[in-house]
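*Asks:* Going by UniProt numbering, 70 is the number at position 70 of the sequence shown; the sequence numbering is gapless.
In this text, a Cβ means the ideal position worked out from N, Cα and C, and glycines have one as well.
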Amino acid sequence: MAVAAPARPASRGRRVLYRARVLLRDPTVMLGVVMCLALLYLVIAPLVSVVSDAGRVQYGDEARSGQRSGSWTGYYLWRVFRSPVSRLLFWEPLWHTAVVALGVIAFALVVGGSMAWLVTRTNVPGRTFLAAALVVPYMLPSWTFALAWLALFKNQRSGGQVGYLQGAGIHTPDWLAYGPLPIIVTLGLHYYPFVLLLFGNALRRIDSQLEDSARILGAGGRTVLRRVTLPLMMPALSSAVLLVLGRVLGTFGTPYILGLPSDYHVLSTSLYHAIRDRSTGVASTLAGVIVLVGVLVVLVDTRLVREQRRFVTVGGKGAMDRRADLRRWRWPACAAALAVFAAGVVVPVLTLLLSTITKTPGVFSAGNFTLKYWIGTDIPGAVGFPHGVLRGGELWEAAWNSIRIVGSASLVCGLLGLLIGYVVVRGDGSRVSAFLRQVSFLPYLVPGIAFAAACLSLFAVRRGPVPALYGTITLLVLVLVITHLPYSSRSGISAMMQLGREPEEAAQISGARWPTRMVRIIIPIQRGPLVTGVVLPFISGLKELSIVIMLTTSGTQLLTTLSIGLVDYGYTQLANGVVLVIALLSFTMTYLAQRLTKSSLASGIGG
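1) Could you give the first and the last residue of the continuous alpha helix (DSSP H) run that contains K154?
2) Quick one: what does DSSP say V581 is sitting in, helix, strand or coil?
3) Does the segment 327–347 come close enough to the segment 130–149 to have 3 or more Cβ pairs within less than 8 angstroms?
4) Beta carbon of L267, beta carbon of P93: below 7 angstroms?
5) How about the segment 264–279 and the segment 431–449: do they share at least three Cβ pairs that are nearer than 8 angstroms?
6) Sorted by chain position, which residues of the same chain lie with C-beta nearer than 6 angstroms to K317's C-beta, five sequence neighbours on each side aside?
7) Need the endpoints of the alpha helix (DSSP H) that F441 sits in, please.
8) Quick one: residues in its chain with C-beta nearer than 7 angstroms to the C-beta of E62, no 5 flanking neighbours on either side, listed in chain order?
9) Check whether the segment 469–478 touches the segment 505–520, taking contact to mean three or more Cβ pairs, one atom from each stretch, closer than 8 angstroms.
10) Identify every residue that forms a DSSP beta bridge with V466.
11) Would you mind working out which of V432, P125, P261 and I379 sits nearest L37, comparing C-alpha positions?
12) Check for me: the alpha helix (DSSP H) holding F341 runs from which residue to which?
13) For the alpha helix (DSSP H) containing E544, name the first residue and the last one.
14) Under three-state DSSP, which class holds T552?
15) Using the beta-carbon count (16 or more within 10 Å), is R278 buried or exposed?
16) Using a Cβ-Cβ cut-off of 6 angstroms (strictly less than) and excluding sequence neighbours within five positions of G362, which residues of its own chain qualify?
17) In terms of residues, what are the limits of the alpha helix (DSSP H) holding V372?
18) Spatial neighbours of A283 within its chain, please: C-beta separation below 7 angstroms, excluding the five flanking residues on both sides.
19) What separation, rounded to the nearest whole angstrom, lies between the Cα atoms of T377 and L150?
20) What residue range is occupied by the uninterrupted alpha helix (DSSP H) comprising I403?
21) Restricting to Cα atoms, I'd like to know which of Y76, Q526, V29 and T556 is closest to A287.
22) Report the residue from P465, L458, A434 and G511 whose alpha carbon sits nearest the alpha carbon of S489.
23) List the endpoints of the continuous alpha helix (DSSP H) containing M35.
24) When DSSP labels each residue in this structure, what does R56 get in the three-state scheme?
25) In terms of residue numbering, what span does the alpha helix (DSSP H) encompassing R64 cover?
26) Is the beta carbon of C334 less than 7 angstroms from the beta carbon of G112?
27) Does DSSP put T358 in a helix, in a strand, or in coil?
28) Going by other Cβ atoms of all chains shown within 10 Å of its Cβ, with 16 needed for buried, is residue 609 buried or exposed?
29) With 16 as the cutoff for other CB atoms within 10 Å, does P443 come out buried or exposed?
30) Give the single residue among R595, S114, T128 and L395 whose Cα lies nearest to the Cα of L198.
31) Cutting at 8 angstroms between CB atoms, please list the residues of its own chain near F194, excluding the five before and the five after it.
32) In terms of residues, what are the limits of the alpha helix (DSSP H) holding A177?
33) In this structure, how does DSSP classify T285 when only helix, strand and coil are distinguished?
34) Can you give the Cα-Cα distance for T358 and H484, rounded to whole angstroms?
35) Please state the DSSP three-state secondary structure of T561.
36) Measure the C-alpha to C-alpha separation of Q594 and N155 and round it to an integer number of angstroms.
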């Protein structure tokens, strides 16, 4: 026994050396730990920072709070929730947000639900075309519809060029031009494709024989709808409602454009104004409220989906695909669907295009058409932007910034998503795997404008070895990567779950190291999911406004922030031209993405 004791240090050394060699050959755990630390800093730390700023006295507020800068305080909670200005800061925007959200949900459910039923459960003519065409409105920037609405209904209240109706001598009242009604309609046109896709997929899975059996047993149409169809549709219904609610909560562009002239503020615009006024503590409190509501929305959705899994159908594919015969209503139904497509795509795009090539709205004589807003060199009254959209360097600089910043973020996002999928699947059951799975999805719970405010709170000043990143391309890339990470990580996890260990193990036995296995085996096999994880964030990032509006400066101007800046200056035609450029890029990239991935957004509903 005494002789064996001295051998322990040597055996421990051999074990450490062995484990080090294992880590070098299969660094899944080490890679997972590094990514966990990175996500802790990039996802969790901003949220902690924004909560901390809401509870500490900010520089410049010492006199009003009666406390020293940096000390803990409840002043901002009092100011937002209980002070004389709390109605303007929080309660009124909260009420407006609730009104808009309920209106958009109702609009999207009616339009998206009826279109889903037509495309999936009837013999309406042109089903394949309609299935693809009706999801196009989501490819446009959300504030495209707001600018088109202004081009049609704008009156003299907000100054600048009036809309087509006002130009034609038809007075448009303020309630029609600005405020809740136009916000609800324009956001509803943008978000109804969510309901269309969710309802369409759900309707395709419902066995129509269940409804036929209920009718044979004497149930009326309302009874069939209430006792058979709706229970089976509840998971899709709840997901659609909560998804639209979460999106509306963080939307900035449309409420800003259509609400500002009538002082109609929602939570996102109230947060933006607080940051612009350098009220950091108030902005942090508002951001915390938006984050909390967003988290609650997704948690409720998760709970409802879990409870509603008991509603399932058992039936054959042929029974599910049986469609109702509309008879003489086939063509009127097709006309209604085409009218929705026209309202969601043709009218907004055509309205914006006409506004950029006419001097006076609503006048279509030959002398009224012009290209000065596109290629003109001297536009009267446009002091800060005196030339056409295609002239000068502003558009091209913003386009270059958008392509390189969004492109870099998309590449990083796609690769990071694949690596997260690799670690989660290969380390299934470990704490690192579980942590990565949950934290990589966390940004989905946080509305974009609130997460941007949280990142601004963390990176606006130097913290330890990390310098201040505000105004840099690095900050924009980081924020875009993190906010789109839920999509790329879920794509990576799904792809890796379908790939067995055998190809990688065979290469490992042959002596291939981990980097070689990733480059020569994993990435080529997972090329499709990797392309998806890169292209989809790129398309989404090109038309992103809520996330970047508070993070860009004059040196990092993007196409989206350039357009909203032109709106602020009252250069409506120029702003419309920039939005059309964004829409063209978005359409082009979406088409190329579908060709590369050989997929379609409408593939699940019959497109």
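*Replies:* In brief:
1) Element bounds for K154: n/a, residue is neither H nor E.
2) Residue state for V581 is assigned as helix, using DSSP reduced to three classes.
3) Taking a cut-off of 8 angstroms on C-beta distances, the segment 327–347 touches the segment 130–149, as three or more cross pairs fall below it.
4) For L267 and P93, yes; Cβs fall inside 7 angstroms.
5) Yes, they touch.
6) Here K317 scores only 46 on pLDDT, less than 50, and its place in the model should not be relied on; the value that follows carries that caveat. Correct list: empty, nothing qualifies.
7) Counting along the chain, the alpha helix (DSSP H) containing F441 begins and ends at R431 to L445.
8) Once the five neighbours on either side are set aside, the close Cβ partners of E62 are R68 and S69.
9) Segments in contact, no.
10) V466 is bridged to R463.
11) Nearest of V432, P125, P261 and I379 to L37, Cα basis: V432.
12) Counting along the chain, the unbroken alpha helix (DSSP H) around F341 starts and ends at R330 to F341.
13) Taken as a continuous stretch (DSSP letters only), E544 belongs to no alpha helix (DSSP H), as it is neither H nor E.
14) The answer is coil: DSSP assigns T552 none of H, G, I, E or B.
15) Under this definition R278 is an exposed residue.
16) Correct list, in chain order: Y164, G167 and A168.
17) A small correction: the amino acid at residue 372 is Lys; Val does not occupy that position in the sequence shown. From DSSP, the alpha helix (DSSP H) with K372 extends over K372 to I375.
18) Excluding positions up to five away in sequence, the list reads L271, A274, I275 and A453.
19) Their Cα atoms are separated by approximately 25 angstroms.
20) Per DSSP, the unbroken alpha helix (DSSP H) holding I403 starts and ends at E394 to R426.
21) Just measuring C-alpha positions, the residue of Y76, Q526, V29 and T556 sitting nearest A287 is Y76.
22) It is A434.
23) M35 -> alpha helix (DSSP H) spans T28 to L39.
24) DSSP places R56 in strand when its eight states are reduced to three.
25) E62 to S65 is the span of the alpha helix (DSSP H), which, as asked, contains R64.
26) Taking 7 angstroms as the Cβ cut-off, C334 and G112 do not qualify as a contacting pair.
27) Reduced to three states, the DSSP call for T358 is strand.
28) As displayed, the chain neither begins before 1 nor continues past 607, which places residue 609 out of reach and without an answer.
29) Burial call: buried.
30) For the residues R595, S114, T128 and L395, the minimum Cα distance to L198 belongs to S114.
31) If you ignore the 5 residues before and after F194, its C-beta comes within less than 8 angstroms of the C-beta of A108, G112, Y138, A240, L243, V244 and R247, all in its own chain and listed in chain order.
32) Unbroken alpha helix (DSSP H) run through A177: D174 to A177.
33) Here T285 sits in helix by DSSP.
34) Going from the Cα of T358 to the Cα of H484 covers about 39 angstroms.
35) In the structure shown, T561 sits in a helix (DSSP, three-state: H, G or I).
36) In a straight line, the C-alpha of Q594 is about 41 angstroms away from that of N155.
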